[in-house]
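Numbers in my numbering are just positions in the sequence shown, counted from 1, shifted up by 257.
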Amino acid sequence: MDTPRPEVDSQILDEISGLMEHGRPDELTLRRLDRRAEQLMRTDRPDLGWVARAAVAAFAWDVGAVEDISRRARQAFGRNAVQIANLSVSHKHVNLMDQAVEYAREATEIAPGDATIMDHLLQGLALSGRWSEALAISREFIQRVGPTHAGPVATEIEAAFPMRLDWLAQAGVSEEQLQFELREAWAAMREAQVRSAGEQSWFEEDWEGGSGTFCVRIQFPGDIDLEMRLGSLLGPRLAQLPHWDPTRLSVDFAYHREDADATA
């Protein structure tokens, strides 16, 4: 994507990427990454230092620091689309999906043909419940670059989201209502300091003649106790929303054991 980086620089980005995927690093790793970030700030690659600092704040669940560091980093990045997209990833890690979308959108405006950066935007839109927009952008991107050059998120959205939108309509649920409820779900996960491990959606028929229920289940690494805590945090938030109707739209959580994947 960008000019080749020295090996040591690519190593820190690779390590951060791996940690984003596989959970919270221990305190020793956080201190090491923080020291490396400060060192990079004094080199000719301060952009890597900013990315590492935002990631360290995200790993520590210091949401205010993620936002503050990212604002300052954005001023330093200029038109570096890759690093702006990395700020989007840090926001997504702490479940700030709206902000993640805006950083990724800006990165795609700078690098409109980059499939990886486009996937960051599309994933943020999908997790925010902005499905019509995600589908429209996916279709335009695939038409522009060709199916073989599109990323996996764009390909999945083009294939799966028409049915999801049909299910929403069948249940009588607006995208706006979906967005309200997902925003509360991300807030509950942020309060519990839990990152997402993906989501599933499906439609449940009402065999008694009702409209049916559209279901969204957010997966996370954890256990049943954490699942129950997240449910207790989300329930009161949803109950305060106007037009909340769990018979039409159900948003909930399910734990996902990463160690089970490792031994499968």
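For every residue, glycine included, the Cβ atom is placed at its ideal position computed from N, Cα and C.
The model shown is predicted, which means the values in this text are computed figures rather than measured ones.
Span of the beta strand (DSSP E) around residue i
i, result
"Asp509", "Leu506 to His513"
"Ser458", "Glu456 to Glu461"
"Gln434", "Element bounds for Gln434: not the beta strand (DSSP E) but the alpha helix (DSSP H), Glu432 to Ala449."
Residue i versus residue j - alpha carbon distance
i, j, result
"Gly492", "Asp509", "9 angstroms"
"His350", "Ala315", "6 angstroms"
"Thr286", "His279", "14 angstroms"
"Glu484", "Asn352", "16 angstroms"
"Phe471", "Ala338", "36 angstroms"
"Met446", "Leu276", "18 angstroms"
"Arg387", "Arg421", "12 angstroms"
"Asp482", "Gly429", "33 angstroms"
"Gln497", "Glu366", "37 angstroms"
"Ala372", "Ala426", "30 angstroms"
"Ala364", "Asp355", "15 angstroms"
"Arg293", "Trp464", "59 angstroms"
Extent of the continuous alpha helix (DSSP H) run through residue i
i, result
"Ala362", "Checking the sequence shown, residue 362 turns out to be Arg, not Ala. Run containing Arg362: Met354 to Ile367, per the alpha helix (DSSP H) assignment."
"Gln340", "Ala338 to His350"
"Asp291", "Glu284 to Met298"
"Asp304", "Pro303 to Phe316"
"Glu465", "No alpha helix (DSSP H) holds Glu465; DSSP gives it neither H nor E."
"Asp319", "Per DSSP, Asp319 belongs to no alpha helix (DSSP H) and is neither H nor E."
C-beta atoms of residue i and residue j nearer than 9 angstroms
i, j, result
"Glu441", "Leu495", "yes"
"Phe398", "Ala407", "yes"
"Leu378", "Ser345", "yes"
Local conformation of residue i per DSSP, three classes
i, result
"Gly275", "helix"
"Ser327", "helix"
"Val265", "Because the pLDDT at Val265 is just 46, under 50, the model does not fix this residue reliably, and the point stays unresolved."
Every unbroken alpha helix (DSSP H) within the segment 356–429, with a cutoff of 4 residues, ordered by chain:
The segment 356–429 contains, as complete alpha helix (DSSP H) runs of 4+ residues, the segments 372–384, 388–402 and 409–428 (chain order).
Extract the residue ranges of the alpha helix (DSSP H) inside the segment 469–501, only unbroken runs of 4 or more that lie entirely within it.
481–496
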